[in-house]
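Residues in the sequence shown are numbered from 53 upward in steps of one, following this note's numbering. For glycine and all other residues, C-beta sits at the position ideal for the given N, C-alpha and C. Okay, structure first, notes after.
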Amino acid sequence: MLKSAGILGVGSYLPPHVVTNDYFKEMCGISGRTIEKMTGIKERRFTVPGINMVDMAFEAGKAAIEHANLTPSEIDFVILSTITQDRIYPSIACQVQNLLGIPTTAGAYDMSVGCAGFVFALLNAFQYVQTGFAKKVLVVGVEECSRNMQIENKEERKVNILFGDGAGAAVVGEVSEGFGLLSSSVGSDGSGSEYMREDSNHRPSMDGEAIFQFASTYIPVIVKDALLKADLSLDDLDYLVPHQANLRIIESAVHNLEFPIEKVATHAVQYYGNTSSASVALALADEVNAGRIKIGDYVVLAGFGSGLAWAAALLKWGK
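Below is the structure:
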């Protein structure tokens, strides 16, 4: 019999350097006011010398373990999602395992699924706990998007206004029956692989209109699919935590879903920007810590992005 698996604790880390929209005026030829009007983003965070991706992932992971009232010695697996690592190996997950003092008997690996990565990583962790493969899994999403800003291609520079740096984390473990993961919805479509990609210099290149249409269409699809699989309706949903791509995409998707924006996480995108695979984790930590997600709530986490790939997880919040 499968165990019930849910989220025991959440954590986040944001670098101290706050970057307002005015920073991009000379680089991109767009005023700060126009950037906010276009995207809903007010500011974002960039790393500073002495803080790297491993540091951010460590801090977020540490916070999540503490929030779960656990110690690193109780973690027996680490899954980390990122697409902006400065080198392919060694994995950031292994470095985080070492820094946190997680036992060497714990497995650890990185995965790369773009902005949907954190939700995919969570789904892996839920299955590990459900089947007994692991008991307590630390899941981290971390990105240093500022390191890969588009400079060379003037036509692509506007993509820089979207992104920020940061890390979010969650600890997945066994929860009481009826709580935790209830259902999921995933998919992929490689025919859209060119809509969001890195160029030969590892800089982002994006077809903004195509991504907008993709996200506005698929967020409603996966949310409804996850609810249907759990024999629930949209009226049952208490809170939606989507990938924080930009506020206008979220507003469009929520409009298409016919779901109240007041029940949707939007704070993170306005103040941290698009942090790729860290965004759902950061937004979730924000909403939990602010008390907007409560025990017994039905919550959908929804990620979408490059690949194209998308994933949603429906949870009943609580332990």
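Have a look at residue i and residue j and give me their C-alpha separation to the nearest angstrom.
i      : j      : result
Lys187 : Ala120 : 13 Å
Ala145 : Ser133 : 9 Å
Ile313 : Ser143 : 37 Å
Gln265 : Gly166 : 17 Å
Val351 : Thr157 : 33 Å
Asn26  : Phe231 : Residue 26 lies beyond the stretch modelled for the chain, which goes from 53 to 371, so this question has no answer here.
Lys114 : Ala330 : 15 Å
Ala364 : Ile274 : 6 Å
Thr72  : Asp338 : 20 Å
Ile131 : Met163 : 7 Å
Tyr161 : Gly184 : 18 Å
Pro124 : Cys197 : 28 Å
Gly225 : Ile59  : 6 Å
Ser64  : Ala320 : 11 Å
What did DSSP end up calling residue i once you bin it into helix, strand or coil?
i      : result
Ala335 : helix
Pro294 : strand
Ser268 : helix
Lys187 : coil
Pro256 : strand
Leu284 : coil
Ser125 : helix
Met79  : helix
Gly153 : coil
Asn159 : In the sequence as displayed, the identity of residue 159 is Gly instead of Asn. If DSSP states are grouped into helix, strand and coil, Gly159 belongs with the strands.
Glu303 : helix
Could you tell me the boundaries of the beta strand (DSSP E) in which residue i lies?
i      : result
Lys9   : Because the chain is modelled from 53 through 371, residue 9 falls outside the range shown and cannot be assessed.
Ala221 : Asp217 to Glu226
Thr72  : His69 to Thr72
Ser133 : Phe129 to Ser133
Leu54  : No beta strand (DSSP E) holds Leu54; DSSP gives it neither H nor E.
Ser240 : Gly232 to Ser240
Arg96  : Glu95 to Phe98
Arg199 : Here Arg199 belongs to no beta strand (DSSP E), and DSSP marks it neither H nor E.
Count the other C-beta atoms from every protein chain shown that fall within 10 angstroms of the C-beta of residue i, then say buried if there are 16 or more, exposed otherwise.
i      : result
Gly242 : exposed
Ser268 : buried
Ile117 : buried
Leu334 : buried
Met248 : buried
His254 : exposed
Met105 : buried
Tyr270 : buried
Ile135 : buried
His307 : exposed
Pro155 : exposed
Met53  : exposed
Gly153 : exposed
Pro294 : buried
Since residue i is in the alpha helix (DSSP H), which residue starts that stretch and which ends it?
i      : result
Phe110 : Met105 to His119
Original post:
Which parts of the region 318-371 are runs of the beta strand (DSSP E), unbroken and 3 residues or longer, counting only runs that do not cross its ends?
Top reply: As far as the region 318-371 is concerned, its whole beta strand (DSSP E) runs of at least 3 residues are 350-357 and 361-368.
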